[in-house]
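First comes the structure, then the notes that go with it.
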Amino acid sequence: MAFQRPFLISLKRSDSSNRWGFGINGGKDYGEPIRVQSVIDDSLAEKSGLREGDEIIQVGRVNVQDLNLGQVHELLARCGNKIEMFIVR
Numbered sequence: 003m004a005f006q007r008p009f010l011i012s013l014k015r016s017d018s019s020n021r022w023g024f025g026i027n028g029g030k031d032y033g034e035p036i037r038v039q040s041v042i043d044d045s046l047a048e049k050s051g052l053r054e055g056d057e058i059i060q061v062g063r064v065n066v067q068d069l070n071l072g073q074v075h076e077l078l079a080r081c082g083n084k085i086e087m088f089i090v091r
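Its first residue numbered 3, the sequence shown is counted upward by one per residue in the working numbering.
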C-alpha cells in the first residue's frame with residue numbers, strides 16, 4: 003500500500019451536551035489501528051469530514067497508534083469541546 007499523508011480533522015462544539023457523533027474501534031489490545039467505526043448523519047463529525055473507516059493516528063498532540071481502545075476513549079473525553087485529530091484514509 004502506498005504512503006498516505008495524514009490530514010487534520012477539527013471538531014468544535016458549543017458545550018458538552020452536543021455529542022460528537024462518531025464511534026471508534028480497534029486499538030493495540032485488538033491488534034488493529036484505531037478506526038472510525040460509525041458516523042451519525044448530520045453530526046458534528048460528519049460535518050467536519052470524518053468518515054467511517056478513517057484511521058485515527060493522532061489526537062491533539064498524542065500519537066494513538068500504540069494505545070488501546072480504552073486509552074483513546076479517555077483521551078477523547080479529556081479533549082473538552084474541541085478535538086483535533088490526524089487521520090489517514
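Think of the CB as a built atom: it goes at the ideal place given N, C-alpha and C, for glycine as much as any other residue.
- Counted as a single uninterrupted DSSP element, the beta strand (DSSP E) harbouring Gly25 occupies residues Phe24 to Gly29.
- Annotated three-state conformation of Val61 is strand, per DSSP.
- The Cβ atoms of Ile11 and Ser50 lie closer than 7 Å to each other.
- Counting along the chain, the unbroken alpha helix (DSSP H) around Val74 starts and ends at Leu71 to Ala79.
- Distance from the CA of Gly28 to the CA of Ile36, rounded to the nearest whole angstrom, comes to 5 Å.
- For the pair His75 and Asp68, the Cα-to-Cα distance works out to about 14 Å.
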